[in-house]
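K.L.:
For the record, in the sequence shown the residue sitting at position 395 is 401 according to the working numbering, with numbers rising by one throughout.
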Amino acid sequence: MQPLWYRNAVIYAVDPAVFRDANGDGWGDIQGLTRRLDHLRGLGATCVWILPFYPSPFKDGGYDITDHLSVDPRLGTVPDVVELLEEAEEAGIRVLFDLVVQHTSDQHPWFREARSDPDSPYRDYYVWADEPPDDGLESVFPTVEDGVWSWDEEAGQYYRHMFYAHEPDLNTANPEVRKEIRRIMAFWLRLGVSGFRVDAVPYMVSQAGAPGGFEDAADLLCELREFVSLRHPEAVLVGEVDVPLEEYEDYFLDGDGLTMLLNFWLNNHVWLALARGEAAPVHKALDELPPTPRRSQFANWLRNHDELDLERLTEAEREETMRAFAPEEDMRAYGRGIRRRVAPMLGGDPARLAAAHALLLSLPGTPVLQYGDEIGMGDDLSRRERLSVRIPMQWTSDENGGFSSAPKDRLVAEPVREGPFGYEEVNVYDQHRSPGGGLLARVGDLVRTRLGLTEIGYGRHRVLDTGCPSVVALRHDDGEDGSVVTLVNLADADVEARIPDEDLDDLVDVLTDREYPRDGDDPPVFKLGPYGYRWMRPRAHVFK
7 MQPLWYRNAV IYAVDPAVFR DANGDGWGDI QGLTRRLDHL RGLGATCVWI
57 LPFYPSPFKD GGYDITDHLS VDPRLGTVPD VVELLEEAEE AGIRVLFDLV
107 VQHTSDQHPW FREARSDPDS PYRDYYVWAD EPPDDGLESV FPTVEDGVWS
157 WDEEAGQYYR HMFYAHEPDL NTANPEVRKE IRRIMAFWLR LGVSGFRVDA
207 VPYMVSQAGA PGGFEDAADL LCELREFVSL RHPEAVLVGE VDVPLEEYED
257 YFLDGDGLTM LLNFWLNNHV WLALARGEAA PVHKALDELP PTPRRSQFAN
307 WLRNHDELDL ERLTEAEREE TMRAFAPEED MRAYGRGIRR RVAPMLGGDP
357 ARLAAAHALL LSLPGTPVLQ YGDEIGMGDD LSRRERLSVR IPMQWTSDEN
407 GGFSSAPKDR LVAEPVREGP FGYEEVNVYD QHRSPGGGLL ARVGDLVRTR
457 LGLTEIGYGR HRVLDTGCPS VVALRHDDGE DGSVVTLVNL ADADVEARIP
507 DEDLDDLVDV LTDREYPRDG DDPPVFKLGP YGYRWMRPRA HVFK
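1. Whole angstroms are fine: how far does the CA of Glu-380 sit from the CA of Pro-356?
2. With a cut-off of 9 Å, does the C-beta of Asp-130 fall near any C-beta of chain D?
3. With distance defined between alpha-carbon atoms, name the residue in Ala-447, Gly-261 and Gln-400 nearest to Glu-430.
4. Rounding to the nearest angstrom, what Cα-Cα distance links Gly-382 and His-363 in this structure?
5. Would you mind giving the Cβ-Cβ distance between Ala-135 and Tyr-128, rounded to the nearest angstrom? I have them listed as a contact below 8 Å.
6. So for Lys-185, helix, strand or coil by DSSP?
7. If you draw a straight line from the alpha carbon of Asp-498 to that of Ala-447, how long is it in whole angstroms?
8. So what does DSSP say about Gln-113, is it helix, strand or coil?
9. What is the residue span of the beta strand (DSSP E) that Lys-533 lies within?
10. Do you know whose CA, among Pro-9, Gly-34, Val-20 and Val-16, lies nearest Ser-411's CA?
11. What are the boundary residues of the alpha helix (DSSP H) that includes Ala-447?
12. Just to check my reading of the structure: Arg-396 and Asp-21 have Cβ atoms closer than 8 Å, yes? What is that Cβ distance to the nearest angstrom?
13. Considering only the alpha carbon of each residue, which of Glu-159, Phe-147, Pro-115 and Gly-378 lies closest to Gly-450?
14. Roughly how many whole angstroms lie between the Cα atoms of Val-501 and Leu-493?
15. For the beta strand (DSSP E) containing Arg-203, name the first residue and the last one.
16. Of the residues Arg-118, Asp-130 and Tyr-435, which one's Cα is nearest the Cα of Glu-160?
17. Take Asp-130 as the anchor and find which of Asn-306, Leu-91, Gln-213 and Asp-140 has the nearest alpha-carbon.
18. Which value, in whole angstroms, describes the spacing of the CA atoms of Arg-345 and Ala-339?
19. Output yes or no for whether 9 Å exceeds the beta carbon distance between Leu-367 and Val-16.
20. Please return the same chain residues whose Cβ sits closer than 8 Å to the Cβ of Asp-515, not counting the five positions on each side in sequence.
21. Contact defined as beta carbons within less than 8 Å: I believe Leu-90 pairs with Thr-40. What is the distance between those atoms, to the nearest angstrom?
22. Are the CB atoms of Asn-495 and Tyr-537 nearer to each other than 9 Å?
23. So, does the stretch 287-299 touch the stretch 254-274, judging by three or more C-beta pairs under 8 Å?
24. So, is Thr-265 buried or exposed, given that buried needs 16 or more other C-beta atoms within 10 angstroms?
25. Three-state secondary structure (DSSP) at Gly-245?
26. Could you name the residues that DSSP lists as bridge partners for His-363?
27. Relative to the alpha-carbon of Met-191, which residue among Arg-347, Asp-70, Tyr-464 and Leu-75 has its alpha-carbon at the smallest distance?
28. Is DSSP giving His-311 helix, strand or coil here?
29. I'd like the ranges of any alpha helix (DSSP H) spanning at least 4 consecutive residues and lying wholly in the stretch 130-192.
30. When the distance is taken between beta carbons, is Ala-206 closer than 9 Å to Glu-151?
31. Just confirm the distance between the C-beta atoms of Leu-510 and Ser-489, as a whole number of angstroms; I'd bet it's less than 8 Å.
32. Starting from Val-434, trace the alpha helix (DSSP H) both ways and give me its first and last residue.
33. Who are the near neighbours of Cys-228 in its chain, counting only those whose CB is closer than 7 Å to its CB and skipping five residues on each side?
34. Mind checking which residues open and close the beta strand (DSSP E) that includes Pro-376?
35. Buried or exposed for Ser-122, going by 16 or more other Cβ atoms inside 10 Å?
36. Can you round the beta-carbon distance between Leu-316 and Arg-324 to whole angstroms, since I take them to be within the 8 Å contact cut?
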């Protein structure tokens, strides 16, 4: 058993609908993902987070679910999922599924029954009102939805939806709904998943606490954690929790709540740092993070599968970051975020993209990679809202980028065909064949090296003052004799950094972006090229 496996994992996020089409019908599928597990293994990923594959009208990328206990026929079958889990286990890759239980599709049998019969037990599965209450709630998509209450003619009442109108909110205060959630989790845990990424946790929890306040809300998280742990002691709950920093503990609950939180606070400040070419926003954000409970962890990412939400920055900081990475209005979303992928935001510069991944992988916590970012895939701004980043994976320079053999008019989404990020220019096959390996080789080196530097995952970190404003400098210690120092230069210029800790005066490189000659000064000066990075250990530790 590896009860704390997630502390030193690298998670790879996959949207199966657009990853690989195995049967030529134009949709990515579970079999296609299974056949590409070698790509994840080669990259060094130890866990795959699979976005929703459940039956859905796909009005919201599969997050509008009509059956949590099945597989959308376009994506496969339950036996396909079983095969995927078996193949992943053989490859040493754990699997996380998306647990989307804050809402359902309005086509879900529960909602259809609820709206058709006021006496149905399913009526109380959702949140209804004769008149919309003045509760101050705002839609998650303020530029798309006018509010969170919509009139249902058949039901003769208003129903609440924090997201789209076609996604009614579940009433998580209802014990029967919570029983359904446990049933969903039990089904997939029995098949062998290693946990869940839990969608929209703050909204789910706030509804659960509606009858009795926060204690009822906290009970839901404790209940889910206990349920998972009793059935699969190694399983984890990774929460999508975008809340103010001071509320993080409300979701960790001293180790009895969520196992990991997706770290929106740090993510926002990473992009502010990249916009400025300065380390200070990252250093400051790390210093302000609350300590995690002993068996808990933060999960970090550069870019998730939705918009890059910048709500945790001040208005001025948010606008500064927007100007740097989303200068055109069409690149922005919901008045708060960016709907572009990492590579276009960083100008497609391989050195800068590698440095951004070096930064991600050196942050304390568990890194999450978004599919396609390892090769520098672009986006499609002609697609509405967040669909701009949910585009087919680019495997080869062949038609449709090797994603599917289906005719163009049957594809679930158009691949990027033209320009510097089109599949003829950016794809897995060509990067494998290129002399230097391209971005894929550099990211793979970073991922595999990161897995060996267990102090980053299991240890404690401290910010180092190197005297160089553009260098993110961190020291990671395991509490015994293991130490790791990571330096990442965010500037497009040569710089020099000094390590202030006297016990780190004899560091040797473990991984660098290029060759750096050993410095003979005392204390030594560590040179970094433009967007350079150096991961180091004390010589005594390396050669003991």
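Glycine included, each C-beta is placed from N, C-alpha and C at the ideal position.
P.N.:
Let me lay it out:
1. The straight-line gap from Cα to Cα measures roughly 10 Å.
2. Here there is only one protein chain, and chain D is not present.
3. Gln-400
4. 11 Å
5. Wrong, their Cβ atoms sit about 17 Å apart, outside the cutoff.
6. helix
7. 21 Å
8. coil
9. Per DSSP, Lys-533 belongs to the beta strand (DSSP E) from 531-534.
10. Gly-34
11. 444-458
12. 6 Å
13. Gly-378
14. 11 Å
15. Counting along the chain, Arg-203 sits inside the beta strand (DSSP E) bounded by residues 201-204.
16. Arg-118
17. Gln-213
18. 6 Å
19. yes
20. Tyr-522, Arg-540, Trp-541 and Met-542
21. 5 Å
22. yes
23. yes
24. buried
25. strand
26. The partner list for His-363 (beta bridge, DSSP) is empty, contrary to what the question assumes.
27. Closest by C-alpha distance to Met-191, out of Arg-347, Asp-70, Tyr-464 and Leu-75, is Leu-75.
28. coil
29. none
30. no
31. 7 Å
32. Where Val-434 is concerned, the enclosing alpha helix (DSSP H) stretches over 434-439.
33. Leu-259, Asp-262 and Gly-263
34. It should be noted that the sequence gives Gln, not Pro, for residue 376. First-last of the beta strand (DSSP E) with Gln-376: 372-376.
35. Under this definition Ser-122 is an exposed residue.
36. The Cβ separation is near 5 Å, so the contact holds.
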